[in-house]
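Asks: Please read through the structure below; I'll follow up with questions.
Protein chains: 2
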Amino acid sequence: MFIEKSVTEFLDALASKESVPGGGSGAALGGASAAALVSMVCNLTIGKKGYEDVEQAMTDILQKSEAIRLELPQLLEADTRVYGKVMEAYRLPRKTPEDKAAREAAMQAALRDAAEVPLTIAERCAQIVDLALPAAQMGNQWAVSDAGVGALLAEACMHAALLNVYINLSSIKDEQYAADVCARIQAITEGKGDTKEQVMAIVREKIGA
Amino acid sequence: MFIEKSVTEFLDALASKESVPGGGSGAALGGASAAALVSMVCNLTIGKKGYEDVEQAMTDILQKSEAIRLELPQLLEADTRVYGKVMEAYRLPRKTPEDKAAREAAMQAALRDAAEVPLTIAERCAQIVDLALPAAQMGNQWAVSDAGVGALLAEACMHAALLNVYINLSSIKDEQYAADVCARIQAITEGKGDTKEQVMAIVREKIGA
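Protein chains in written order, with this note's numbering: chain A, 1 to 209; chain B, 1001 to 1209.
In structure tokens form, the structure reads like this:
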């Protein structure tokens, strides 16, 4: 598994001419880092003097950010697998009409999976943008910039993951499914730019930048 | 060293209540991933049929992106060390006026280092935004989204690293130095949002999103 490699080995693999890990995995790792930073803000707040009133709220945020932090590395791995499935289907024989039909069916099924995984990565990143806001508002003031880094990274990685959704979507022939995915993208991204800006405004105010 | 840990162990450390690694290191890792993706686009282009005319240009981009990809993990480690130095200075005795003066001098020196490291991280991320543009323009069309992910991640991590510059700057008393850093930030960030948008426009056009 790529996530069991050291950070430097993972970066070597990402830079190599092998197609996996690629952009989807990079987005998942960035999202996981963002989730980890939101968790860190919570961990630096819970049990700290002066933050008793927000302890329960921060504990709730932590539970959510940790679930996403642990899920995103699994999605990083899944992204490399679904890409492999598309390549496998692409290489199927296409001599006879039956071959062609079987290959096309395999391609379409693989492309759906290859769209669903980065769509889930984008959704989790969007959830981290939302969690960064209360973390910045209520969390330990000394760690507010970490909530800011989390929001910046998560919002960028949401858009990054969506690029991989669009690529696969452009080859999917089921128009109803494609329209459905576009509606889901709309729901995932809506307001996230504004939320990130709100987080940044709080961070700037608290750090005096 | 944190970068010798596995990806999952690094994320555990990032999420923990230990202050390091923190947001600066998260920004450095995101920037390194962005650099790796620009390198991947180059590696998927160099030697490929149909891309003979851009081979030299892509080789030049690769040399630059790889230098940055290998430097950013070192800056990730450096960021954890300079934070430690600030904390060390903070804990120095402050009983006598001599103590206080020595502590203040140590603090100011440590804060400068703690501003310089994320400033260099931001500068390297900005350079990756610039390299993502020719990579998207000339690189293997099949990998164009990876250049897009690189640009998104690098631009976000540039801003993320700068948050850590501002935090330390707000405690630095040398106004000339602070003004100098602000001018350097201006030079680093100028036009990078536009460059990222140019990359995204190319990516959207090429993937038909």
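For every residue, glycine included, the Cβ atom is placed at its ideal position computed from N, Cα and C.
Source: prediction; values computed, not measured.
What residues of chain B sit near Gly-191/A, judged by a beta carbon separation below 8 Å?
Replies: Under the 8 Å cutoff, chain B gives no residues; its nearest Cβ is about 18 Å from Gly-191/A.
Asks: Comparing the C-beta of Met-138/A with each C-beta of chain B, is any distance below 8 Å?
Replies: No, because no Cβ of chain B sits closer than 8 Å to the Cβ of Met-138/A.
Asks: Run through chain B and tell me which residues come within less than 9 Å of Cys-157/A, C-beta to C-beta.
Replies: Simply Gly-1030, Val-1149, Leu-1152, Leu-1153, Ala-1156.
Asks: Could you tell me whether the Cβ atoms of Arg-112/A and Tyr-177/A are closer together than 8 Å?
Replies: The answer is yes: Cβ separation under 8 Å.
Asks: Note the first and the last residue of the continuous alpha helix (DSSP H) segment covering Thr-1195/B.
Replies: It spans 1192–1207 - the alpha helix (DSSP H) in which Thr-1195/B sits, taken as one unbroken run.
Asks: Determine whether the Cβ of Ile-1121/B lies closer than 8 Å to any Cβ atom of chain A.
Replies: Chain A contact via Cβ: absent.
Asks: Given a threshold of 16 other Cβ atoms within 10 Å of its Cβ, counted over all protein chains shown, does Thr-1120/B qualify as buried or as exposed?
Replies: Buried, since its Cβ has 16 or more Cβ neighbours within 10 Å.
Asks: Along the chain, where does the alpha helix (DSSP H) containing Ser-1039/B start, and where does it finish?
Replies: Its alpha helix (DSSP H) spans residues 1023–1043.
Asks: Compare the Cα-Cα distances from Arg-1204/B to each of Gly-208/A, Asn-43/A, Ser-170/A, Pro-134/A and report the closest residue.
Replies: Checking every option, the nearest Cα to that of Arg-1204/B belongs to Ser-170/A.
Asks: Return the CA-CA distance between Leu-1152/B and Glu-123/A, expressed in angstroms with no decimal places.
Replies: Going from the Cα of Leu-1152/B to the Cα of Glu-123/A covers about 17 Å.
Asks: Taking 8 Å as the CB-CB limit, is Gly-1023/B close to chain A?
Replies: Gly-1023/B counts as touching chain A.
Asks: Determine, for Tyr-177/A, whether the minimum Cβ-Cβ distance to residues of chain B falls below 8 Å.
Replies: By this cut-off, Tyr-177/A is not an interface position.
Asks: Is Ser-1145/B helix, strand or coil by DSSP?
Replies: Three-state result, Ser-1145/B: helix.
Asks: In terms of DSSP beta bridges, what is Ser-6/A paired with?
Replies: Per DSSP, Ser-1006/B.
Asks: If we call anything under 8 Å between Cβ atoms a contact, is Glu-4/A one with Ser-1006/B?
Replies: For Glu-4/A and Ser-1006/B, yes; Cβs fall inside 8 Å.
Asks: For Lys-1005/B and chain A, any beta-carbon pair shorter than 8 Å?
Replies: For Lys-1005/B, the answer is yes, since a Cβ of chain A falls inside 8 Å of its Cβ.
Asks: For a minimum of 4 consecutive residues, which ranges assigned as the alpha helix (DSSP H) are wholly contained in the stretch 96–165 of chain A?
Replies: Here the runs fully enclosed are 97–138.
Asks: Considering only residues of the same chain and omitting the five flanking positions on each side of Thr-80/A, which have a CB-CB separation below 7 Å?
Replies: For Thr-80/A, where only same-chain residues beyond five positions count, the Cβ hits under 7 Å are Phe-2, Val-20, Pro-21, Ser-25.
Asks: Give every residue of the same chain whose Cβ lies closer than 7 Å to the Cβ of Ala-1132/B, excluding the five residues on either side of it in the sequence, and list them in chain order.
Replies: Val-1038, Ala-1147, Gly-1150, Ala-1151, Ala-1154, Val-1199, listed in sequence order.
Asks: Just the chain A side, please: which residues come within less than 7 Å of Leu-1037/B by C-beta, in chain order?
Replies: Under the 7 Å cutoff, chain A gives Leu-14, Gly-23, Gly-26.
Asks: In chain B, which residues lie with their C-beta within 8 Å of the C-beta of Thr-59/A?
Replies: The premise fails here: Thr-59/A is roughly 13 Å from chain B at the closest Cβ pair, so nothing lies under 8 Å.
Asks: Using a Cβ-Cβ cutoff of 9 Å, what residues of the stretch 68–86 of chain A are near chain B? List them in chain order.
Replies: For the stretch 68–86 of chain A, which is checked against every Cβ of chain B, the residues closer than 9 Å are Arg-69, Leu-70, Leu-72, Pro-73, Leu-76.
Asks: Check the Cβ of Val-211/A against every Cβ in chain B and list those closer than 8 Å, keeping chain order.
Replies: Past the edges of chain A, shown from 1 to 209, lies residue 211/A, and the structure says nothing about it.
Asks: Going by the CB atoms, is the gap between Val-1054/B and Gly-1078/B shorter than 8 Å?
Replies: What sits at residue 1078/B in the sequence shown is Ala, not Gly. It is not a contact, given that the beta carbons lie outside the stated cut-off.
Asks: Pull up the distance between the alpha-carbon of Met-1058/B and that of Trp-1142/B, whole angstroms please.
Replies: The straight-line gap from Cα to Cα measures roughly 15 Å.
Asks: Between Leu-111/A and chain B, is any beta-carbon pair separated by less than 8 Å?
Replies: Judged by the 8 Å Cβ criterion, Leu-111/A is not in contact with chain B.
Asks: Could you tell me if the beta carbon of Thr-96/A falls within a distance shorter than 7 Å of some heavy atom in the ligand GDP?
Replies: This structure does not include the ligand GDP; it has no bound ligands of any sort.
Asks: Identify the continuous alpha helix (DSSP H) that holds Pro-1073/B and give its terminal residues.
Replies: Here the alpha helix (DSSP H) through Pro-1073/B covers 1055–1090.
Asks: Beta-carbon within less than 6 Å of Val-1144/B's beta-carbon, same chain only, minus the 5 sequence neighbours each way: which residues are those?
Replies: Correct list, in chain order: Ala-1136, Val-1203, Lys-1206.
Asks: I'd like to know whether the C-beta of Asp-1099/B is nearer than 8 Å to at least one C-beta of chain A.
Replies: No, because no Cβ of chain A sits closer than 8 Å to the Cβ of Asp-1099/B.
Asks: Which bits of chain A does Ala-1160/B rub up against, with CB to CB less than 8 Å?
Replies: Under the 8 Å cutoff, chain A gives Gly-148, Val-149, Leu-152, Leu-153.
Asks: Which residues bound the alpha helix (DSSP H) around Arg-184/A?
Replies: First-last of the alpha helix (DSSP H) with Arg-184/A: 175–189.
Asks: Whose CA, out of Gly-1050/B, Lys-1064/B, Ala-1013/B, Lys-1100/B, lies closest to the CA of Asp-1130/B?
Replies: Answer by Cα proximity: Lys-1064/B.
Asks: Rank Ile-1068/B, Val-1181/B, Pro-1134/B, Ala-1067/B by C-alpha distance to the C-alpha of Ala-1115/B and give the top, closest one.
Replies: Ala-1115/B has its Cα closest to that of Val-1181/B, out of Ile-1068/B, Val-1181/B, Pro-1134/B, Ala-1067/B.
Asks: Rounded to whole angstroms, what is the Cα-Cα separation between Ile-1167/B and Ala-110/A?
Replies: Distance between the alpha carbons of Ile-1167/B and Ala-110/A is about 47 Å.
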